[in-house]
Structures are given as structure tokens and as C-alpha cells.
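When the letters of the sequence shown are read in order and numbered with the working numbering, they come out as residues 577 to 1066.
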Amino acid sequence: MFGGPGLKGRIARQQFAAFAQSSRSMSSFRPQLSRLSVQNPNGKILSGSTTWRRPVPSFALPAARLNSTSSSTPTQVTPETQPSSEWDVDISQIPESIGYLKELGLDYGWGPSAMVEYIMEHIHIYSGLPWLATIVATGVLFRLAMLPLFMRSADIGAKSFNAQPMIKPIRENMLKAARSGDQVAAQKFRAEMASLNSRLGIKPMQQFLPMLFQIPVGYGCYRVINGMSTLPVPGLAKEQFAWVSDLTVSDPTFLLPIMTCVGLHLSLRKGSEDGNMNSDMGTLRKFIMYGMPAVSLLFMAWWPAALQVYFLTTGSFGLIQSYLFSSTTFRKATGIALLEKQAPAQPSGSTTPAEPNRSLRMITEMLERENAKIKEARKDLGEKEKLSFVDRAINNIKESKDKLAKETTQKMQEMSGNGPKSNSDGSPAEPPRLSDKDRKLAEDYERRRKEEEHWKREERNYAKKEAFRQAMERERQKAKEALNKSNVKR
């Protein structure tokens, strides 16, 4: 048919050429439309600014011109009206059902984000709650699910804190043996510590269970809620919360992030979410209480309001949880071990009756140090009164930094076994009379004295050897002279 010489063959070949050209334009030469390329009521495409229309093949026959009909006018074919694309839909008209967020493009595959999306959709569909209430309910649900893990962590932390007087000497001996290269002794102390933990019911790895669960879940909630606000989901974009009229943008008053960071500060000040933060951490604890909320505020200030509401919800739950775990009544009711207050141990030998002079000397030195501190404090107070607010703030920051560095160094020394020595009963040992610098000078002096004594001893020995050699030489000369005289007489 295509090879015919007549009119039918020419028409068939032209039709095939037109159909093949339009088919090629529909293939991979043109990018396909993604599922997000849908139009909103304003006619704009959400995934881009260029509208894609499906090409329609033209089957209009070209005018055939024969010798017998050369004077006839070619027929004008009116193009058909281009049909609207199946993707030109309004996402606000998509019905909400299970998988609704995936239909909008929030498909996270598998992992914590997909799990959070699955739970959030089921809460929204089956409870009928609006999206903001669904976000709050999801946060509360996850916190309730993690509550047993926090309770177990608080119990293990309290038991470990109460057993520190027994665990600390064993750990120090283990580190000391490991540094000296005695692996047998190190293994012995390690086995002793494991036996002690097993006897007391302490499983250190269970303290990290809340963190292992909280980090992936928090990351998944962040991705899903941030994606819902960025898209945005039509239902979420229409909702309001108190003074926030648009939940898909950040709070213009910054009240939500400030409230969240204040709750975090109060929670850390109370003793973290498990109620076991050591109050003796000093400057490090102060840095955590004020530094972590300040850094969090810098990031949260620009998050969408829906995400800020989520973290405000979880932070408020954590604050309530920290107050509950700090309550003795709640700990007794739930079977969590109580924290025992450990009285500071007195230095050994300070109250021994056999050493009255030593005790008196220590009391005198303590009074002198207190007087020096009082004088220095008065001097600093007089200088601070002359300083401005900015200078005082800078000085406080410098002092806090120095204290933090000092305490961090002390903690590292304690962990490595180079910290302050302690007695067998766990009480701190008496500090040495000399500082490290004075002790080094004394050691250098002793070394030089030993060298001098060694050289003096060598000189004395050499002098004795030389005197003995000379005496022997004189004896040999006398013997030789006596032998010569006897030979002459003969």
C-alpha cells in the first residue's frame, strides 16, 4: 500500500509520516510530567512554572494536487480543540484518606519518617482531628511510648550514682593497671566491676535506650512536619493557633521558640528528663542549662510554626516528666531507685588525736585561705562597682569559660586515673604539701645532689686508688733496691 504509485500510495505515505512524527514527540524527547505537576486555582504549576501539554497527533490530510485538479483551492482543516491534561487538578479537592500525604508528594520510602507519616495519617483520618491537633497528639503519643524507657534509665542512673563509692576505686585501679601495661590486673578489675554491676542490677547500656529511640523519631517528625509546611498541605495552611494565623511560616513574635527554650532550661535545671543530673557538675552543668537552650533558640526561630508547636508540646511533656522523676513519691510508686545524698568525706588524718599539731596547722592554713578569699572578694567587688554592665558580662563569661576548662580538665583526669587520689573508703586523700611545680623543683634538686654525691664518691675512690698505687710503687722500689744491695754484697 505504501509503495503504490498512485494517489492512494502517496496519501498513505503522508499519513504514516505525520503519525510517526507526532509519536516521536510523545516519547523520551520530551520530559514527562511528575505527579506533583498539578495546577492550583491560579493556573500555576506547583512543581515548576512551565505548563506541559500532551502533544496531539494531527491526522489532517495534506492537500493532494493532481494534474486534473491543479486549479482547485486546497482544503483548510480546522485543528481540534486541545483537551485539558489529566494533571490539571486542584490539590485542595483531593479527598483525605490513608496515603493522602503520599499523593501530595510526601513519600519518604521507609524508615522513621515513613513511620511517623503513617501514624500521623491514621490519627488524622480515624479521629477526625485537624492537622495541628494531630501533630500535638503524635508528639504526646511518642512521649508516652518512651516513658517506660526513661523510667528504666532513671532507675539505672540512680543505682549507678549510689554505687559510685564502690565503683570509683575499682575503675581507678583498672585504669592504673591498663596504663602500666598490666593486662591481667586490668582484666581482673574489669571482671570485678562487671560482677558488682550484676549484683546491684546495673546495666549501663540501658541508660542510652531513650536516646536511641528519641533521635530517629524526632528526626522523622521534623522531616514530615517540615515537609507538610513547605508543600503546604491545604488543610494545614488553613488552620490557626492562638496568635499565629499561618502555621506554615515561622512565628513572627518568636514566642513559640522562646517558650520551648524556657521549658528546656527549666527541665535541665530540675535535673534533666530522668531526674538524675549530678548537681556537683558545677560550671559544666551551668553551661548546659544556659548554652543548650540558647543554641536551640537560634535554630528554632525560623522553623514553621507547626514544627515549633510540636517541639513546644514535647518540651512541655519533658518538663512535667523531669518534675515527676524528681519527686520521691513518684519514684516510690513506680519502683524507681531513690538518689542517696552522699555527705562530703573529710580528709583522712585531719581529726586524728595522735596528730594535734597537724590538725592545728591545717585549721590555721584554712583560716588564712578564707581570709585571703574575703580580701580578694572585697577587692573584686570594689572593681565591679566601677565596671559597666557590658564589662561585667564579659568578665562573667571569661570566668565561666576558665572554670569550665578547669572542671573539664579535672573530669578528664579523673576518667584517665590522674585525678585526685582517694582512700580505700572512698574519702579524698590528703593533698600533697607541695604543688606540681615545687615537687618538680625538689626532684631536680635531689637529682643534682645525688649526682654531686656520686662524683664526690668517685673522686674519693680515685684518690684512694691513686694513693694505694703510689704506695705499692714505693714498696716495689724498696724491694728492688734491697735486692740490688744483696747482689752487690755477694
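Glycine residues also receive a C-beta, built at the ideal position from the N, C-alpha and C atoms.
- For Val793, the uninterrupted alpha helix (DSSP H) run begins and ends at 785-806, by DSSP.
- Residue state for Val838 is assigned as helix, using DSSP reduced to three classes.
- Between Val820 and Ser689, the C-beta spacing is not below 8 Å.
- Nearest in C-alpha terms to Leu751, of all of Ala739, Phe765, Lys678, Trp878, is Phe765.
- Following the DSSP letters along the chain, one finds Thr910 inside the alpha helix (DSSP H) bounded by residues 904-910.
- Proximity of the region 771-788 to the region 701-712 falls short of the contact definition, fewer than three beta-carbon pairs being nearer than 8 Å.
- Taking the CA atoms as reference points, Leu807 sits about 24 Å from Leu831.
- Around the beta-carbon of Arg719, 16 or more other beta-carbon atoms lie within 10 Å, marking it buried.
- Counted as a single uninterrupted DSSP element, the stretch harbouring Trp819 is not any alpha helix (DSSP H), since DSSP gives it neither H nor E.
- Three or more Cβ pairs closer than 8 Å define a contact, and the region 879-896 falls short of that threshold against the region 904-913.
- Relative to Met804, the option among Val760, Pro880, Ser736, Leu860 whose CA is nearest is Pro880.
- Distances from the alpha-carbon of Leu914 to those of Gly839, Lys814, Gly733 put Gly733 closest.
- Residues Ala753 of the same chain have their beta carbon placed closer than 7 Å to that of Ala761, with the five preceding and five following residues left out of the count.
- According to the DSSP assignment, Phe901 belongs to the alpha helix (DSSP H) that extends over 881-901.
- With 16 or more neighbouring CB atoms inside 10 Å of its own CB, His700 falls in the buried class.
- Collapsing the DSSP output to three states places Thr829 in coil.
- For Leu772, the enclosing alpha helix (DSSP H) starts and ends at 759-776.
- Distances from the alpha-carbon of Ser976 to those of Trp878, Leu860, Ile695 put Leu860 closest.
- Residue state for Lys779 is assigned as coil, using DSSP reduced to three classes.
- In this structure, DSSP gives Gly704 a state outside helix and strand, which the three-state scheme calls coil.
- At the C-beta level, Trp707 and Val809 come within 8 Å of one another.
- One thing to note: Met865 has its Cβ no nearer than 8 Å to the Cβ of Phe789.
- Straight across, the Cα-Cα distance linking Val1064 with Arg1024 is about 60 Å.
- Under the DSSP assignment, Pro671 falls outside any alpha helix (DSSP H); it carries neither an H nor an E label.
- Rounded to the nearest angstrom, the gap between the Cα atoms of Tyr694 and Gly675 is 8 Å.
- DSSP places Gly733 within a helical segment (H, G or I) once states are collapsed to three.
- Between the region 731-747 and the region 835-847, the count of C-beta pairs closer than 8 Å stays below three; the two stretches do not touch.
- With a minimum length of 3 residues, there is no unbroken run of beta strand (DSSP E) contained wholly in the region 1004-1047.
- The C-beta distance from Ala882 to Leu844 rounds to 25 Å, too long to meet the 8 Å contact threshold.
- Inclusion of Glu697 and Leu677 in the CB contact set at 8 Å is warranted, their separation being smaller than that value.
- The beta carbons of Gly796 and Met691 sit closer together than 8 Å.
- In this structure Thr940 is exposed. Its beta-carbon is surrounded by fewer than 16 other beta-carbon atoms within 10 angstroms.
- In its chain, beyond the 5 residues on either side, Glu916 have a beta carbon closer than 6 Å to the beta carbon of Asn738.
- Here DSSP, grouped into helix, strand and coil, assigns Asp967 to helix.
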